[in-house]
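Protein chains: 2
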Amino acid sequence: MKIAENGSALGDVLKHSPGPRVLVPTMGAFHPGHISLMHKAREISGPEGTVVVSIFVNPIQFDRASDLEAYPRPMESDLAACEAAGVDVVFTPVADSMYFPDRSVTVTETLLSRDLCGAARPGHFDGVCTVVLKLFLLSGCDVAVFGEKDFQQLAIIRRMVRDLDVPVEIVSCPTMREADGLAMSSRNTRLTPEQRADAPRILRTLKAAAELGDVEAILARAREEIEASPLARIDYLSLVDAETLQPVTDLVRPAVLATAVFYGEVRLIDHVDL
Amino acid sequence: MKIAENGSALGDVLKHSPGPRVLVPTMGAFHPGHISLMHKAREISGPEGTVVVSIFVNPIQFDRASDLEAYPRPMESDLAACEAAGVDVVFTPVADSMYFPDRSVTVTETLLSRDLCGAARPGHFDGVCTVVLKLFLLSGCDVAVFGEKDFQQLAIIRRMVRDLDVPVEIVSCPTMREADGLAMSSRNTRLTPEQRADAPRILRTLKAAAELGDVEAILARAREEIEASPLARIDYLSLVDAETLQPVTDLVRPAVLATAVFYGEVRLIDHVDL
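In order, the protein sequence lines correspond to chains A and D. Here the first sequence is numbered in our numbering, starting from 138 and rising by one per residue. Here the second sequence is numbered in our numbering, starting from 138 and rising by one per residue.
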């Protein structure tokens, strides 16, 4: 396994690597969800192709300095996990090598990023689009693999690929969950034992509410059951169209019930399809 | 010479074309300036490489519908000129094949595009960046050739390539001029004989003023001499840093004296280096 610490080192390492080249863009702090993305990448690349994992806690997609600061960075165990998953190349740039101080070019998305995490985290998805495009172009990947847990991110990246003619195929993998249903997330390690015990209510609530069949009833029930916990604070709770991500008033087309919930300073997201 | 009318046709045509692949992005209506870019492209590609010329009047970089409407589109003679210049592939997409109706992703530049043509034409350079990135990615070019006449555009594209890690080398060619000094432009054909006779005053004025050695004197003299013509109306006249394109107050670093002048509805730009 080779490690590249900046773009030009990555270019050197990949210069003669065999295709197809499959990228897994991550912020590290791996849990089994990430590992499933790496296995999917290997499945796509085949034994002869090249699997690249990037580990980069991207500062320009954080709207809160405290969240960026607190984001876990267990580099040593992450590298061991990549090695164990049979990854060929790990790209671990520092922020200084990714962004010039007088950086002035950004990729912006104005439609799918309006609601949900976009409303709650201004600038977040522009930061995501910008770094993901950079990682695509630096790695020259043919395919990139993303988790479905961040479903808004996934929709926005597909939109970017479509609108900018980016020659990268996007593949997604299902959300991995703990035995009690909590969506796996690098942020889960920051929960107190009490918060951790309470957090499965998020999925449980979304699932139960989704059965109600009426937009207002679904939203009211879900809000009520999450707010029933003194530990949980809803950031947003929305029922949106699965394609446009705009809030819906009826359930004619496929929809997604999505929420972001704060436990103390830790923000967890989850969603169910309707 | 092959012609592709949408992105997927271009991909097919270029699939097995030999490298290096050199792109000349244009809006058509060729004059000798464009032809010089094609010759430069061939010089870079060598006889074995592939020269691609795109002809696309990009709607999203026009802020005035009248200008978009009036932009000349002499496709037949443009194709003949490409053929004569030994171009391998011409890409002539229609707007519908480049932009989805619900397009929501744009490349934005916030620093170099603030002044000059950026101030006068809101959204113009975001439209330029977006289409140029799309053309780079659709063509998969190794090198792209631009004219120096649009020096702000050139600076912004270089900045985009740097900030987004676009794997394309940018090469520029000097402004081509008529015998009387007027910068060649596709818009020159829209000048009346009277306007055409007056327009060489732009370069003459910039050159003379640039000799004065003092920022305020330069700007005052240039403004005075252009406004001396009843046919000319200044859109902007600025003395900017050659690298940051921000207005300067002294002449310590390399600077550019740049102007945009309206003759009726026709807007002409030119600049001189200091």
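Glycine included, each C-beta is placed from N, C-alpha and C at the ideal position. Here the structure is a predicted model, which means the values were calculated and not measured.
Considering only beta carbons, the part of the stretch 268-279 of chain D lying closer than 8 Å to chain A consists of L270, K271, L274, L275 and G277, in chain order. Counting the other Cβ atoms within 10 Å of the Cβ of S203 of chain A gives fewer than 16, which makes it exposed. Identification of residues in the stretch 225-256 of chain A having a C-beta nearer than 9 Å to some C-beta of chain D yields M235, Y236, F237, D239, R240, S241, V242, T243, V244, T245, E246, T247, L248, L249 and S250, given in sequence order. In the three-state reduction of the DSSP assignment, L216 of chain A falls in the helix class, which pools H, G and I. Short of 7 Å from the beta carbon of P304 of chain A, and not among the five residues preceding or following it, lies no beta carbon of its own chain. Partner residues in the beta bridge of C310 of chain A, as assigned by DSSP, are A:G284. Within chain A, S241 and V242 have C-beta atoms less than 8 Å from the C-beta of R296 of chain D, given in sequence order.
Annotation for A141 of chain A: the continuous beta strand (DSSP E) segment containing it runs K139 to A141. Under a criterion of Cβ atoms nearer than 8 Å, the residues of chain A adjacent to C266 of chain D are, in order, V242. By the C-beta criterion, the stretch 330-338 of chain A is judged to be in contact with the stretch 363-381 of chain A, since at least 3 inter-stretch pairs fall below 8 Å. Interface flag for V303 of chain D against chain A is set, since a Cβ pair is found closer than 8 Å. Bridge partners of E331 of chain D according to DSSP: none are assigned. The beta carbon of R390 of chain D sits closer than 8 Å to the beta carbons of D378, A379 and E380 from its chain, once the five residues preceding and following it are set aside; these are given in chain order. The beta carbon of R299 of chain D sits closer than 8 Å to some beta carbon of chain A. Not flagged as an interface residue toward chain D: G260 of chain A, since no C-beta distance is shorter than 8 Å. Around the beta carbon of F237 of chain D, fewer than 16 other beta carbons sit within 10 angstroms, so the residue counts as exposed. A direct Cα-to-Cα measurement between V150 of chain A and C254 of chain A gives close to 36 Å. Listed by position along chain A, the residues whose Cβ is nearer than 7 Å to that of G144 of chain D are D302. E246 of chain D is bridged by DSSP to A:V242. A direct Cα-to-Cα measurement between T247 of chain D and S241 of chain A gives close to 5 Å. Annotation: the continuous beta strand (DSSP E) that includes H408 of chain A extends over V403 to D410.
For the set A:D300, A:R299 and A:G148, the Cα lying nearest the Cα of V227 of chain A is the one of A:G148. S309 of chain D counts as buried, since no fewer than 16 other beta carbons sit within 10 angstroms of its beta carbon.
Annotation for R158 of chain A: the continuous beta strand (DSSP E) segment containing it runs R158 to T163. In the three-state DSSP reduction, V189 of chain A falls in the strand class (E or B). A365 of chain D sits in coil when the DSSP states are folded into three classes, being neither helix nor strand. Scanning its chain for C-beta atoms nearer than 7 Å, with the 5 sequence neighbours on each side dropped, one finds around L376 of chain A the residues V352, I355, L356, P384, V385, A392 and L394, in chain order. Here DSSP, grouped into helix, strand and coil, assigns F399 of chain D to strand. Boundaries of the beta strand (DSSP E) harbouring V227 of chain D: V226 to F228, taken from the DSSP string.
For F262 of chain D, same chain residues with a beta-carbon under 6 Å away, outside a window of 5 residues either side, are E246, S250, G255 and I293 in chain order. With contacts defined as CB atoms closer than 8 Å, V409 of chain D and L328 of chain D fail to qualify as a contacting pair. Secondary structure of A392 of chain D (DSSP, three-state): strand. Of the other Cβ atoms in all chains shown, 16 or more fall within 10 Å of the Cβ of G165 of chain A; this residue is therefore buried. The stretch 273-285 of chain D makes contact with the stretch 165-178 of chain D; the number of CB pairs closer than 8 Å reaches 3 or more.
With 16 or more other Cβ atoms inside 10 Å of its own Cβ, D215 of chain D counts as buried.
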